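J.: Mapping of the sequence shown onto our numbering: residues 226 to 587, in sequence order.
Ideal Cβ positions, reconstructed from N, Cα and C, are used throughout, including at glycine.
Keep in mind that this is a model prediction, so the values were computed, not measured.
Following this message is one structure expressed as structure tokens.
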Amino acid sequence: MRHLVSLAAVAIMAMACSGDTVVQATKNRPGVELRTAEFCTDRDATEGFASFVVKTIDGGAVPASETTITQTIDGEAPGSGLWEGGQSLDEENLSSDIHVTLLLDASDSVVEAKLFDLMKESAEQLLRDGETQWAERPGNFTWQVIWFNQWVSRADGDWTFDDIADIPAPPQEFDGFTRLYSAMEFAVRNASEARTNGIAAGDRDNHLLAVFTDGRDNISGLDSEEPPVVDGLTKNGAAFTTFATNAINRAQLEELMRNRPWLQVSLLGFGSSIDSEELDALAEAGGGTVYEGNDIERLFTRAQRSFEILQTVGWRLPFNPDEPHIWELEFTVNGIKRSASIKLDAERTAQTPECEEDKTVQ
Numbered sequence: 226m227r228h229l230v231s232l233a234a235v236a237i238m239a240m241a242c243s244g245d246t247v248v249q250a251t252k253n254r255p256g257v258e259l260r261t262a263e264f265c266t267d268r269d270a271t272e273g274f275a276s277f278v279v280k281t282i283d284g285g286a287v288p289a290s291e292t293t294i295t296q297t298i299d300g301e302a303p304g305s306g307l308w309e310g311g312q313s314l315d316e317e318n319l320s321s322d323i324h325v326t327l328l329l330d331a332s333d334s335v336v337e338a339k340l341f342d343l344m345k346e347s348a349e350q351l352l353r354d355g356e357t358q359w360a361e362r363p364g365n366f367t368w369q370v371i372w373f374n375q376w377v378s379r380a381d382g383d384w385t386f387d388d389i390a391d392i393p394a395p396p397q398e399f400d401g402f403t404r405l406y407s408a409m410e411f412a413v414r415n416a417s418e419a420r421t422n423g424i425a426a427g428d429r430d431n432h433l434l435a436v437f438t439d440g441r442d443n444i445s446g447l448d449s450e451e452p453p454v455v456d457g458l459t460k461n462g463a464a465f466t467t468f469a470t471n472a473i474n475r476a477q478l479e480e481l482m483r484n485r486p487w488l489q490v491s492l493l494g495f496g497s498s499i500d501s502e503e504l505d506a507l508a509e510a511g512g513g514t515v516y517e518g519n520d521i522e523r524l525f526t527r528a529q530r531s532f533e534i535l536q537t538v539g540w541r542l543p544f545n546p547d548e549p550h551i552w553e554l555e556f557t558v559n560g561i562k563r564s565a566s567i568k569l570d571a572e573r574t575a576q577t578p579e580c581e582e583d584k585t586v587q
């Protein structure tokens, strides 16, 4: 199976982008954040792709299922007119990986409300559904589970979905405070480490951090004490590591997330103790969405929309070398003609790399 760029390779920029690469949303049109736009050559043809996130006026991401994308080159669609014989690339040629990190509030309040087991069941189902959804498109689906209370714990090794049910309840010496910012900082840095190690590390790949909480932060301004036990095992032998948390404030956390455009952060706020303003600000900084509710199962089900926020389109056309063209993308949300456009300079040059075979997707 041939793909535009190997998933294992670092994609090479071979074009100059001009015009708006970020279109700000208004009440009458969506916003668009262009992530990357690239070319490769296949003998006499040229292939190009662009990855982007569509956003609402409040900064929330719009799922692909609610978006219609139209692309033209010099005003004509691939496969017509000047581009007769050319074609828009289908999903098989636009493969991407996603790495999902679940950050779960495993505090006393969740346990005391008898929601702990339901939270874990819903989290497990979210990942199962995400894997099933991703199996219908080329690319890899990987995941990580982190949970927090007085400390933050990370699943290590080869966890299965079934192991999520065995995440332990908070220890008796739990202080009852909420270190949401500190736990999120840990999860963001953990995602950065995964990306550095080659997990969902390509330009078209995406990391999703889905954060569940039933409260507001109230003590992330202080370092936590060291945990009494660092290395742990669930009752069925799945390994996890527990860490102390570092002091951080909301402004620092928001800056940390904004500096990682490959990361989307969605917040799942349960119950009446959450701070909606706080969650909205965190989601905006993380380029994600807030989901609020009083039904945990429904909350996690709604969050599955977050899996499809990064979109990619592309084409294969008979480009001649050194001929400049204008590639324009039009975005319409929910079938309503609230279009926004991004215009890009497209030109095949001697530096345009050859398209590679993708050996990682079967």
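Given the structure, does Phe468 come close to the ligand FMN, in the sense that its CB is under 7 Å from one of the ligand's heavy atoms?
T.: This structure does not include the ligand FMN; it has no bound ligands of any sort.
J.: What whole-angstrom Cβ distance do Glu479 and Ala510 have, given they're in contact under 8 Å?
T.: 4 Å
J.: Among Pro578, Asn559 and Ile444, which one has its Cα closest to the Cα of Thr281?
T.: Asn559
J.: Could you tell me how far apart the beta carbons of Val335 and Thr470 are, in whole angstroms, since I believe they sit closer than 8 Å?
T.: Not quite, the Cβ-Cβ distance comes to about 18 Å (not below 8 Å), so this is no contact.
J.: Just the Cα atoms here: how many angstroms apart are Ala331 and Ile499?
T.: 15 Å
J.: Would you please state the rounded distance, in angstroms, between the beta carbons of Val325 and Ala435? I believe it to be under 8 Å.
T.: 7 Å
J.: Beta carbon of Arg475, beta carbon of Ala506: below 8 Å?
T.: yes
J.: Please state if the CB of Thr271 and the CB of Leu259 are separated by a distance shorter than 8 Å.
T.: no
J.: Return helix, strand or coil for Lys345, following the three-state DSSP convention.
T.: helix
J.: Go through its chain and collect everything with a Cβ distance to Glu291's Cβ below 7 Å, but skip five positions before and after it.
T.: Val558 and Asn559
J.: How many Å lie between Ser313 and Phe264 at the Cα?
T.: 14 Å
J.: Using the beta-carbon count (16 or more within 10 Å), is Pro453 buried or exposed?
T.: exposed
J.: Report, in whole angstroms, the separation of the C-beta atoms of Thr385 and Asn443, which I expect to be a contact under 8 Å.
T.: Rounded, the Cβ-Cβ distance is 34 Å, inconsistent with contact.
J.: Taking 8 Å as the threshold, find out whether the stretch 299-306 comes into contact with the stretch 341-348 through three or more Cβ pairs.
T.: no
J.: Mind checking whether Val538 and Ala275 have CB atoms under 8 Å apart?
T.: yes
J.: Considering only residues of the stretch 407-492, which uninterrupted alpha helix (DSSP H) runs meet the minimum length of 4 residues and lie entirely inside it, listed in chain order?
T.: 475-483
J.: Name the two residues that bound the continuous beta strand (DSSP E) containing Arg268.
T.: Looking at the DSSP string, Arg268 is not in any beta strand (DSSP E), and its letter there is neither H nor E.
J.: Could you tell me which residues DSSP pairs with Asp570 in its beta bridges?
T.: Ile551
J.: Please list the terminal residues of the continuous alpha helix (DSSP H) segment that includes Ser334.
T.: Asp333 to Glu337
J.: What's the gap between the Cα of Thr514 and the Cα of Arg268?
T.: Cα to Cα, Thr514 sits roughly 42 Å from Arg268.
J.: Give me the DSSP bridge partner(s) of Glu509.
T.: Secondary-structure assignment with DSSP links Glu509 through no beta bridge to anything.
J.: Give the range of the beta strand (DSSP E) segment to which Ile371 is assigned.
T.: Phe366 to Phe373
J.: Considering only DSSP beta bridges, list what Pro393 is partnered with.
T.: Paired residues: none, contrary to the question.
J.: Could you check what DSSP says for Met226 in three-state terms: helix, strand or coil?
T.: Confidence in Met226 is poor, its pLDDT being 28 and thus under 50, which makes the residue's placement too unreliable to answer from.
J.: Along the chain, where does the beta strand (DSSP E) that runs through Arg379 open and close?
T.: In the DSSP assignment, Arg379 falls within the beta strand (DSSP E) that extends over Val377 to Ala380.
J.: Grab the span of the alpha helix (DSSP H) containing Glu522 for me, first residue to last.
T.: Ile521 to Ala528
J.: Assuming Gly355 contacts Phe532 under a Cβ cut-off of 8 Å, what Cβ separation, rounded to an integer in Å, is found between them?
T.: At roughly 5 Å, the Cβ-Cβ gap stays under 8 Å, so Gly355 and Phe532 are in contact.
J.: Helix or strand or just coil, what does DSSP make of Phe544?
T.: coil
J.: Within its chain, find whatever has a CB closer than 6 Å to the CB of Phe437; leave out the 5 residues flanking it on each side and keep chain order.
T.: Leu329, Asp330 and Leu493
J.: Mind checking Thr251: buried by the 16 CB within 10 Å criterion, or exposed?
T.: exposed
J.: Report all residues from its chain with a CB closer than 6 Å to the CB of Ala565; omit the five preceding and five following residues, and keep chain order.
T.: Val248, Arg254, Pro255, Val257 and Phe556
J.: In chain order, what are the residue ranges of uninterrupted alpha helix (DSSP H) at least 4 long that sit wholly in the stretch 274-320?
T.: none
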